[in-house]
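In this text, residue positions in the sequence shown follow the numbering used here: the first is 1214, and each later residue adds one. We put the beta carbon where it would ideally sit given N, CA and C, even for glycine. What follows is a short report on a single structure.
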Amino acid sequence: MLALVTVSAIFLRWLPQHGLPILLLFTVSAGTAAGIYFTQRRRYSVSSHGIREEMHDADITAVLWTAFAGVLLGALGIGVVLIG
1214 MLALVTVSAI FLRWLPQHGL PILLLFTVSA GTAAGIYFTQ RRRYSVSSHG IREEMHDADI
1274 TAVLWTAFAG VLLGALGIGV VLIG
């Protein structure tokens, strides 16, 4: 989460060089960081309950959403640099 917030700040730093398309990158990274932050308590609660009951499954949805955000940021970043 902190890495995504840092990347969001770096994207804002690139705004003068690459223009408004950088705001799309900022939105994706800041939105992903916010999503992680706001669901963290629920995920930790479910995980601790699963560990306590010795029946814990991986949160595949969270992993897939984070992977999708990473791939999207990479693709958008390449697109912005090639276009700009």
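Residue nearest to residue i in terms of C-alpha spacing, selected from the options
{"i": "ILE1296", "options": "VAL1220, ARG1226 and GLN1230", "result": "GLN1230"}
{"i": "ASP1270", "options": "VAL1259, TRP1278 and ALA1280", "result": "VAL1259"}
{"i": "LEU1250", "options": "ILE1235, THR1279, GLU1266 and VAL1284", "result": "Inspection of the sequence shows that residue 1250 is occupied by Tyr rather than by Leu. The candidate whose alpha carbon is nearest that of TYR1250 is THR1279."}
{"i": "THR1252", "options": "GLY1263, PRO1234 and ASP1272", "result": "ASP1272"}
Under 8 Å between C-beta atoms of residue i and residue j
{"i": "LEU1217", "j": "SER1242", "result": "yes"}
{"i": "ALA1275", "j": "ARG1254", "result": "no"}
{"i": "ALA1282", "j": "THR1245", "result": "yes"}
Nearest-angstrom beta carbon gap, residue j and residue i [assumed within contact, 8 Å]
{"i": "LEU1238", "j": "VAL1293", "result": "7 Å"}
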